[in-house]
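Peer 1: Residue numbers (the numbering used here), protein chains in the order written: chain A, -4 to 125; chain B, 14 to 286; chain C, 61 to 282. C-beta: ideal position from N, C-alpha, C; glycine also.
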Amino acid sequence: MEYSLGQEELDVIEEVLQEDLIDLGVNCVFLIDMAGNVIANLDNGQIEHDIYSLAALAAGNFGAVSEMAKIIGEDEFSLLFHKGEKESIHFSKVMPDFLLVTIFGKETSLGFLRLKVAEAAGKIKNLLEP
Amino acid sequence: MAEKNDGTVTVEVEKRLEDLFREEGESFDFLEEAGDSEDSSVELEVSPDFLEDNGNLDHSPPRELEETSGFEEDGSGLDPSPLKDLKTIVLSIDWEINDEDMTRFIEQVETLKLVYEEDRVILLFLQILGSLGKYIKANKGNSHPNAIKVLNSVYTSLEKVLLQKDMTAAEKEKILLVEVQRFKELEEQVALKRAAAQGKKASKMAQEAKGNNMVPKEKSRPADNKAEGVSRPDINRMAPHEAFAYALEEIKQMIKAEFKSLRAELKLWREGQ
Amino acid sequence: MRFPGKGHRSPRKHCPERYLILAFVNLKKKEVQVKVVYYGPGRGGKTTNLEYIYKRFNKRIKTEMVTIKTHGDRTLFFDFLPFDIGKIKGYDVKIQLYTVPGQVKYDSTRRLVLRGVDAVVFVADSMKVRREKNILALKNLQKNLLSYKKSIFKIPLVLQYNKIDLADQGIPILSYETLEKDLNSQLKAPSFEASAMSGDNVVQTMKQIISMTMRSLQRDLK
């Protein structure tokens, strides 16, 4: 499916990510397509990650995991999350074409984050598929 | 024909590429250089078993976690612990917050309240947990982000108090007081959040020219939540038994206020539909 | 265009129009991201192409290379080398070079990496013993492109016949004519003999594919 994302849509997406995730305490969030292209990315001002490499890897990672799911007879996994000592990373599919990746520290609860991510994903979906 | 259309872009691109990738002198011998230069490329080396062994992928709540956020390994062991079922649910909530688990959490807390109805300290812990559980269940993604942190913290303290055999009553009370304080701070944060949200909502509604009768209600709501806190005695200066009685009463009031706010909010939402 | 070096051939002058459906233009950021995938049989020199570009130019183009490989130095997932070529017609053009794992068993991974591809460099192995593998890999490319409804005849494509330096070591290699006949008789894409190890025609290959790809951008950069 093809999407056309103009300035207005991108502004709304950034607003959603800011309010639902960055303001919650998430360190960094980016919305990418499945080829690893960055559509929007926001952080708390203290992040200097190489977003483009992260995006490429995230897309590859998610893609690989999706293939694995199919091989074992699952449609898809409901959770893709990597826990680090200080920072963790969570992946969430937004419609079939996009991936929302959040990087967060120990002070954010995964369970709560997943709720907010689902909320943000829902809002983005409503925006792009009214 | 194609040349005519793309002339300028192609020329610009080729010039740029020429500038960027000018190769001075002889052809670079890659092999010789390979040993000398510092390899600053990012390499992720994985074992050939990478594709088979990916322990990070798990979509079901873990039953046994070596490390979970907010939990300390106190070595006191869990089996046979009266908190075993509650712990399982709390661990589950750490990974995913849903109606089913929150309901189970609340039910388990109620069960434990019956078991420990004679123990005031434990009972207070459980009452706080119950209140938190109901709040999170009702508000889900709109809960204050600290709610789940406080829940974890209160649970951890409860576990400590219940399972460490050699703890004195005074020590237990001290731990409880810390959690009560945390709970009260959360309650204030929730009230602030609600006030801020209503402020936004009120101005939005005012713009849509809704009736005046909504405004007084909204103004009074933050006051409701703070009503019992107007003349708040210093809990630290009271004698322990007084402090507990007071804390218990406060928590009861808070829970009542919480439900009152929720009902009012529901009413507002219905009227706004 | 002429390309100096021993025994190197210039690309065909009359290539049929290869156009592109661009994967990604960010109108807000005024950014274009172009994905170029180096494809080909295992151990053919895809990663070596990128490594050469990286080692030679990383300071100038300010890039880091990401590789996901096995302990045995075989590409497991992909190599990734992103760099900016600056503003073209007001748009920041970001080039993303990828390689795929060449081993037959990584077909799913290859297909994954191919997602959203804008242009392909097919790195063939000039060694005589690899003749069949080249053909199979090219057919595999065609099949995987089709799964994304892309045609090998339409996507910007450059063929690189790598490892010609082995001839000097007495290793039997395929002639340019043979490789052209095997791989390029229908495609009629630009082709280069190259040596990724020593860097011969590595940059030229890359410049050619980027140039071809950017030609189509004109339409979209308004």
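Assuming the contact rule is C-beta atoms closer than 8 Å, Asn22/A and Ile119/A should be a hit. Round their C-beta distance to whole Å, please.
Peer 2: Within the first sequence, residue 22/A is the residue found at index 27, counting from 1. Within the first sequence, residue 119/A is the residue found at index 124, counting from 1. Going by Cβ atoms, the distance from Asn22/A to Ile119/A rounds to 20 Å, so no, they are not a contact pair.
Peer 1: So, at 7 Å on beta carbons, what are the nonlocal neighbours of Glu130/B in its own chain, with the 5 sequence-adjacent residues on each side left out?
Peer 2: In the second sequence, counting from the first residue as 1, residue 130/B sits at position 117. Once the five neighbours on either side are set aside, the close Cβ partners of Glu130/B are Leu136.
Peer 1: Does DSSP put Met29/A in a helix, a strand or coil?
Peer 2: As a position in the first sequence, residue 29/A is number 34, starting the count at 1. In the structure shown, Met29/A sits in coil (DSSP, three-state: anything other than H, G, I, E or B).
Peer 1: Expressed to the nearest angstrom, what Euclidean distance is found between the alpha-carbon atoms of Leu150/B and Lys265/B?
Peer 2: For the purposes of this step, residue 150/B is taken as the residue at position 137 of the second sequence. For the purposes of this step, residue 265/B is taken as the residue at position 252 of the second sequence. The question names Leu, but residue 150/B in the sequence shown is Lys. Cα to Cα, Lys150/B sits roughly 18 Å from Lys265/B.
Peer 1: What are the boundary residues of the alpha helix (DSSP H) that Ile195/C is part of?
Peer 2: Taking the first residue of the third sequence as position 1, residue 195/C is located at position 135. Arg191 to Leu206 is the extent of the alpha helix (DSSP H) around Ile195/C.
Peer 1: For the beta strand (DSSP E) that Lys154/C lies in, which residues bound it at each end?
Peer 2: As a first step, residue 154/C is located in the third sequence; it is residue number 94 there, counting from the start. First-last of the beta strand (DSSP E) with Lys154/C: Tyr151 to Thr159.
Peer 1: In the structure shown, what three-state DSSP assignment does Ala116/A receive?
Peer 2: For this step, residue 116/A is matched to residue 121 along the first sequence. Ala116/A falls in the helix class under three-state DSSP.
Peer 1: Just the C-alpha distance for Thr265/C and Thr23/B, rounded to the nearest angstrom, thanks.
Peer 2: Here residue 265/C refers to the residue found at position 205 when the third sequence is read from its first residue. Here residue 23/B refers to the residue found at position 10 when the second sequence is read from its first residue. Between Thr265/C and Thr23/B, the C-alpha separation is close to 15 Å.
Peer 1: Which residues, in chain order, does the stretch 162 to 180 of chain B contribute to contact with chain A at a C-beta distance below 7 Å?
Peer 2: Per Cβ criterion, the list reads Lys162.
Peer 1: If you check the beta carbons only, do Val96/C and Ile212/C fall under 7 Å apart?
Peer 2: Your numbering for residue 96/C matches position 36 in the third sequence. Your numbering for residue 212/C matches position 152 in the third sequence. Contact flag unset, no.
Peer 1: Note the first and the last residue of the continuous alpha helix (DSSP H) segment covering Asp114/B.
Peer 2: The residue labelled residue 114/B in the question sits at position 101 within the second sequence. First-last of the alpha helix (DSSP H) with Asp114/B: Asp112 to Val128.
Peer 1: Whole-angstrom Cβ separation of Ala179/C and Met272/C, contact assumed at under 8 Å?
Peer 2: Start at 1 with the first residue of the third sequence, and residue 179/C comes out as number 119. Start at 1 with the first residue of the third sequence, and residue 272/C comes out as number 212. Indeed, because the Cβ distance is near 7 Å, the residues count as touching under 8 Å.
Peer 1: Would you please state the rounded distance, in angstroms, between the beta carbons of Leu307/C and Tyr208/C? I believe it to be under 8 Å.
Peer 2: Look at the range of chain C in this structure, 61 to 282, and you will see that residue 307/C is not part of it.
Peer 1: Are any of the Cβ atoms in chain C nearer than 7 Å to that of Val24/B?
Peer 2: Within the second sequence, numbered from 1, the residue matching residue 24/B stands at position 11. Not closer than 7 Å to any Cβ of chain C, the Cβ of Val24/B fails to qualify, so no.
Peer 1: Go through its chain and collect everything with a Cβ distance to Ala227/C's Cβ below 6 Å, but skip five positions before and after it.
Peer 2: Taking the first residue of the third sequence as 1, we reach residue 227/C at position 167. Result list for Ala227/C: Ile233, in chain order.
Peer 1: Taking the beta carbon of Trp282/B as the centre, do at least 16 other beta carbons fall within 10 Å, making it buried, or is it exposed?
Peer 2: Here the question's residue 282/B lines up with position 269 in the second sequence. Counting Cβ neighbours within 10 Å, Trp282/B comes out exposed, since fewer than 16 surround it.
Peer 1: Check whether the Cβ of Leu94/A lies closer than 6 Å to any heavy atom of the ligand SAM, and answer yes or no.
Peer 2: In the structure shown, the ligand SAM is absent, as is every other ligand, since no ligand is present at all.
Peer 1: Following the continuous beta strand (DSSP E) through Asn86/C, name the residue where it begins and the one where it ends.
Peer 2: Numbered from 1 along the third sequence, position 26 holds the residue referred to as residue 86/C. Segment Phe84 to Asn86, the beta strand (DSSP E) holding Asn86/C.
Peer 1: So if I threshold CB-CB distances at 7 Å, which residues from the stretch 248 to 270 of chain C count as touching chain B?
Peer 2: Residues Met257, Ser258, Gly259, Asp260, Val263, Lys267 and Ile270.
Peer 1: Identify whether Glu91/C lies in helix, strand or coil by the three-state DSSP scheme.
Peer 2: What you label residue 91/C is simply residue 31 of the third sequence in a count that begins at 1. Three-state result, Glu91/C: strand.
Peer 1: Taking Cβ positions only, does Gln163/C come closer than 7 Å to chain A?
Peer 2: Counted from its first residue, the third sequence places residue 163/C at position 103. No, Gln163/C does not count as interfacial toward chain A.
Peer 1: Anything in the stretch 99 to 114 of chain A with a Cβ closer than 8 Å to a Cβ of chain B? List those residues in chain order, please.
Peer 2: If the cut-off is 8 Å between Cβ atoms, the stretch 99 to 114 of chain A has Lys101, Glu102, Thr103, Ser104, Leu105, Gly106, Phe107, Arg109, Leu110, Lys111, Ala113 and Glu114 near chain B.
Peer 1: What did DSSP end up calling Leu239/C once you bin it into helix, strand or coil?
Peer 2: For the purposes of this step, residue 239/C is taken as residue 179 along the third sequence, with counting starting at 1. In the structure shown, Leu239/C sits in a helix (DSSP, three-state: H, G or I).
Peer 1: Taking 7 Å as the cut-off, decide whether the C-beta atoms of Leu190/B and Phe138/B are in contact.
Peer 2: Position 177 of the second sequence, counted from the start, is the residue given in the question as residue 190/B. Position 125 of the second sequence, counted from the start, is the residue given in the question as residue 138/B. Not in contact: Leu190/B and Phe138/B (Cβ atoms no closer than 7 Å).
Peer 1: Which chain B residues sit within Cβ distance under 7 Å of Gly146/C?
Peer 2: Walking along the third sequence from the start, residue 146/C turns up at place 86. In chain order: Arg29.
Peer 1: Quick one: which unbroken beta strand (DSSP E) runs of 3-plus residues sit fully inside the stretch 122 to 150 of chain C? Chain order, please.
Peer 2: Whole beta strand (DSSP E) segments, 3+ residues: 126 to 130 and 135 to 148.
Peer 1: Could you say which of Gly259/C, Met187/C, Gln163/C and Pro216/C lies nearest to Tyr236/C if we only look at CA atoms?
Peer 2: By 1-based counting over the third sequence, the position of residue 236/C is 176. Nearest of Gly259/C, Met187/C, Gln163/C and Pro216/C to Tyr236/C, Cα basis: Met187/C.
Peer 1: When we look at the beta-carbon of Lys106/C and count the other beta-carbons within 10 Å, is it buried (16 or more) or exposed?
Peer 2: Translated into the one-based positions of the third sequence, residue 106/C becomes position 46. With 16 or more Cβ atoms within 10 Å of its Cβ, Lys106/C is classed as buried.
Peer 1: With 7 Å as the threshold, decide whether the Cβ of Glu124/A is near any Cβ in chain C.
Peer 2: Taking the first sequence and counting its residues from 1, one reaches residue 124/A at position 129. No, no contact with chain C.
Peer 1: Would you check if the distance between the CB atom of Phe25/A and the CB atom of Ile46/A is smaller than 7 Å?
Peer 2: To locate residue 25/A, count along the first sequence from 1; it is residue 30. To locate residue 46/A, count along the first sequence from 1; it is residue 51. Cβ distance < 7 Å, so Phe25/A and Ile46/A count as in contact.
Peer 1: Using 7 Å as the threshold, is the C-beta distance between Gly68/A and Ile106/B below it?
Peer 2: The sequence position of residue 68/A within the first sequence is 73, counting from 1. The sequence position of residue 106/B within the second sequence is 93, counting from 1. Result no, Cβ atoms of Gly68/A and Ile106/B do not sit closer than 7 Å.
Peer 1: In its own chain, which residues sit with a C-beta less than 6 Å from the C-beta of Val89/A, not counting the 5 before and 5 after it?
Peer 2: Taking the first sequence and counting its residues from 1, the one referred to as residue 89/A is at position 94. Correct list, in chain order: Leu95, Ala116 and Ile119.
Peer 1: Starting from the beta carbon of Thr20/A, find every residue of chain B whose beta carbon is closer than 8 Å, and list them in chain order.
Peer 2: Within the first sequence, residue 20/A is the residue found at index 25, counting from 1. Thr is not the amino acid found at residue 20/A; the sequence shown has Gly there. Near Gly20/A (Cβ distances below 8 Å), the residues of chain B are Pro158.
Peer 1: So, helix, strand or coil for Met257/C, using DSSP?
Peer 2: On the third sequence, residue 257/C is found 197 positions in, with the first residue counted as 1. Coil at Met257/C, not helix or strand.
Peer 1: Residues in the same chain with beta-carbon distance under 8 Å from Ile102/B, minus the five sequence neighbours each way, listed in chain order, please.
Peer 2: Your numbering for residue 102/B matches position 89 in the second sequence. These residues qualify, in order along the chain: Asp114, Arg117, Phe118 and Gln121.
Peer 1: Thinking C-beta only, is Thr159/C closer than 7 Å to Phe138/C?
Peer 2: By one-based count along the third sequence, residue 138/C stands at place 78. By one-based count along the third sequence, residue 159/C stands at place 99. Yes. Within cutoff.
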